[in-house]
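Asker: For reference, the structure I am asking about is given below.
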Amino acid sequence: MWKRTPSPTILLASGLLALVAAGACGQKEITEEDRAAIISTLENYLPLLAESYATGDLEPLKDLASEREVARVFTRVSELADEGKYVQPTFHRMTVEEIAPLGRSNVYVTTLEVWDLRVRARGSDAQLGEDLDQRSRVSYQLTRRGGRWQVLFRELDQAIQ
Numbered sequence: 262m263w264k265r266t267p268s269p270t271i272l273l274a275s276g277l278l279a280l281v282a283a284g285a286c287g288q289k290e291i292t293e294e295d296r297a298a299i300i301s302t303l304e305n306y307l308p309l310l311a312e313s314y315a316t317g318d319l320e321p322l323k324d325l326a327s328e329r330e331v332a333r334v335f336t337r338v339s340e341l342a343d344e345g346k347y348v349q350p351t352f353h354r355m356t357v358e359e360i361a362p363l364g365r366s367n368v369y370v371t372t373l374e375v376w377d378l379r380v381r382a383r384g385s386d387a388q389l390g391e392d393l394d395q396r397s398r399v400s401y402q403l404t405r406r407g408g409r410w411q412v413l414f415r416e417l418d419q420a421i422q
């Protein structure tokens, strides 16, 4: 039976394409410098997120969050306002459980966070509800833009009892 052997040029080209594809799709290790910068971004973002929920002013979020994330917060603040409510959260602490690379410039982050949440009536400031020392597992996706990390989205995964 006749068997054709690929030329060395085709083998070399195929090997290079495989390496390029693996590099483009592969995950890289998170450096300690990136890890510190990612954690710092979240530590700065969370108190500003609390402030935005309490005041309705989203401007402080714009340096640390994507337009999509700011729009998501705006939607939630608006829904509460339509119900005659606002949330007065107090951020206490965050523990990073995992930082997983996603390609070259994105990461997924899972945290455990502790918050106090107070729901108040708009206008009277009467307290409608309270959840102190609320512990939650939260997922984030961050991206590197212009040499710094930015929150693409934040999602509450699970409240922990």
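Position one of the sequence shown corresponds to residue 262 (my numbering), numbered consecutively onward. For glycine and all other residues, C-beta sits at the position ideal for the given N, C-alpha and C.
1. Hey, would you say residue 336 sits closer than 8 Å to residue 412, going by beta carbons?
2. Give the secondary structure of residue 292 by DSSP, where H, G and I count as helix, E and B as strand, and everything else as coil.
3. Classify residue 417: buried if its beta carbon has 16 or more other beta carbons within 10 angstroms, exposed otherwise.
4. I need the DSSP call for residue 313, collapsed to helix, strand or coil.
5. Near residue 357, what residues of its chain come up, given a Cβ to Cβ distance below 7 Å and the 5 sequence neighbours on each side ignored?
6. Pick from 408, 392 and 415: whose alpha carbon is nearest that of residue 422?
7. As an exercise, report each continuous alpha helix (DSSP H) stretch of at least 4 residues that is fully enclosed by the segment 327–372, in chain order.
8. Rounded to whole angstroms, what is the Cα-Cα separation between residue 332 and residue 318?
9. Using 8 Å as the cut-off, can you tell me whether the segment 371–387 makes contact with the segment 338–347, which would need three or more C-beta pairs spanning the two stretches below that distance?
10. Applying the criterion that 16 or more other CB atoms from any shown protein chain within 10 Å of the CB defines a buried residue, is residue 365 buried or exposed?
11. Using the beta-carbon count (16 or more within 10 Å), is residue 419 buried or exposed?
12. On a Cα-Cα basis, can you pick out the residue from 305, 311, 342 and 340 that is closest to residue 325?
13. Could you give the residue range of the beta strand (DSSP E) that holds residue 394?
14. Using alpha carbons as the reference points, say which of 402, 359, 311 and 396 lies closest to residue 338.
15. Tell me the rounded alpha-carbon separation between residue 322 and residue 399.
16. Rounded to a whole number of angstroms, what is the C-alpha to C-alpha distance between residue 396 and residue 353?
17. My output table needs one value for residue 322: the three-state DSSP class, helix, strand or coil.
Answerer: From the atom records:
1. no
2. coil
3. By the C-beta density criterion, residue 417 is exposed, having fewer than 16 other C-beta atoms within 10 angstroms.
4. helix
5. 300, 370 and 372
6. Checking every option, the nearest Cα to that of residue 422 belongs to 392.
7. 328–343
8. 12 Å
9. yes
10. exposed
11. exposed
12. 305
13. 388–406
14. 311
15. 18 Å
16. 10 Å
17. helix
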